[in-house]
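Numbering (the numbering used here), first residue to last: -18 to 259. Take a look at the structure set out below.
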């Protein structure tokens, strides 16, 4: 029986193969046979070189999903579109191109979508769809749109702002994830899960009427989380009975170590070159 989809990691903070390179960012290639979908684009043109090394033909991409508007998920967009062989449909939240800054130790740095990528989107007359609600983009593949934030444990201030002065807090409302309804159950792909990983999984569980979540991959934004929040997240993950967890990108070494320890035999690496079938 052919798999529902093959997912290949094109960009991530680490590598799973000697002939590819890592960068701080994320990009997943989702191949269903009839459809070739790119979930995020990393932060640079590295996605092009990695795809070539992995024998993935970006010329075939027909859909790009942007999980949110940060540079490390959108910076490769211009190069992806330049290498596409045909019309590409792009899904993003309407607020994904807002100015974005991170402030730490009184120093602000810009972290939004790179200007040249935003300019391409603004000039593109067709093929762009903004998503705030759940949207099916292919048979059995859905974007969440905005995610309800029901757990106060996942509310935190990690220095994100919409202005360089750091006066307008950015809650990153454009954060969205993807899920696939496979024969085995639901497979979830996270960008950074700025809405909270558990908020995201609870929402997807509700949208799928309680279908089992069999696999979760991507960033959980726990790299700066307290031990208390990491422990709460692990306890909450147990509710779902997830078979495979692929923590990546912004999860952070401390949280990755804790998750692996809590779910022995259920965790795997998710570096560039990883290929998964569902």
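Quick reminder that beta carbons are idealized off the backbone N, C-alpha and C, glycines included.
Own chain partners of residue i with C-beta closer than 7 Å, once the 5 adjacent residues on each side are dropped
i, result
"residue 111", "73, 74 and 75"
"residue 239", "211 and 215"
"residue 245", "none"
"residue 222", "193"
"residue 62", "69 and 101"
"residue 31", "-9, -8, 1, 2 and 253"
"residue 84", "140, 142 and 147"
"residue 42", "17, 19, 61, 65 and 69"
"residue 145", "82 and 89"
"residue 52", "24, 92, 93, 94 and 95"
"residue 272", "The shown model of the chain, from -18 to 259, leaves out residue 272, and the question about it has no answer."
"residue 175", "49, 153, 156 and 202"
Close-in-space but distant-in-sequence residues of the same chain around residue i (CB under 6 Å, 5 per side omitted)
i, result
"residue 58", "22 and 98"
"residue 213", "134"
"residue 227", "198, 249 and 251"
"residue -13", "12 and 258"
"residue 113", "126 and 127"
"residue 155", "49, 50, 74, 76 and 77"
"residue 136", "none"
"residue 165", "195"
"residue 256", "-11"
For residue i, the residue or residues it bridges with in DSSP
i, result
"residue 199", "171 and 228"
"residue 110", "72"
"residue 51", "93"
"residue -4", "253"
"residue 44", "18 and 70"
"residue 194", "167"
"residue 150", "142"
Beta-carbon contacts of residue i that lie in its chain and below 8 Å, excluding the five residues immediately before and after
i, result
"residue 138", "150"
"residue 44", "16, 17, 18, 19, 69, 70, 71, 72, 118 and 119"
"residue 78", "50, 93, 94, 99, 102 and 103"
"residue 116", "72, 110, 123, 124 and 126"
"residue -17", "14"
"residue 29", "39, 57, 60, 61 and 64"
Any chain C beta carbon closer than 8 Å to residue i
i, result
"residue 253", "Absent here is chain C; the protein component of the structure consists of one chain."
Which of helix, strand or coil DSSP assigns to residue i
i, result
"residue 87", "coil"
"residue 36", "coil"
"residue 61", "helix"
"residue 155", "coil"
"residue 256", "strand"
"residue 207", "coil"
"residue 25", "coil"
"residue 144", "coil"
"residue 79", "coil"
"residue 221", "helix"
"residue 162", "strand"
"residue 12", "strand"
"residue 102", "helix"
"residue 188", "helix"
"residue -9", "strand"
For residue j and residue i, believed in contact at Cβ under 8 Å, the rounded distance
i, j, result
"residue 167", "residue 185", "6 Å"
"residue 24", "residue -7", "Contact doesn't hold; Cβ gap of about 11 Å is too wide."
"residue 197", "residue -10", "Contact flag wrong, Cβ pair sits at about 14 Å."
"residue 35", "residue 2", "Contact flag wrong, Cβ pair sits at about 11 Å."
"residue 157", "residue 131", "Between residue 131 and residue 157 the Cβ distance is about 16 Å, and since that is not below 8 Å, they are no contact."
"residue 173", "residue 202", "5 Å"
"residue 50", "residue 81", "6 Å"
"residue 129", "residue 180", "7 Å"
"residue 204", "residue 177", "The pair is not a contact, with the Cβ atoms about 14 Å apart (cut-off 8 Å)."
"residue 200", "residue 171", "6 Å"
"residue 206", "residue 243", "Rounded, the Cβ-Cβ distance is 14 Å, inconsistent with contact."
Contained beta strand (DSSP E) runs [length at least 3] in the stretch 113 to 140, N- to C-terminal order: Here the runs fully enclosed are 116 to 119 and 122 to 124.
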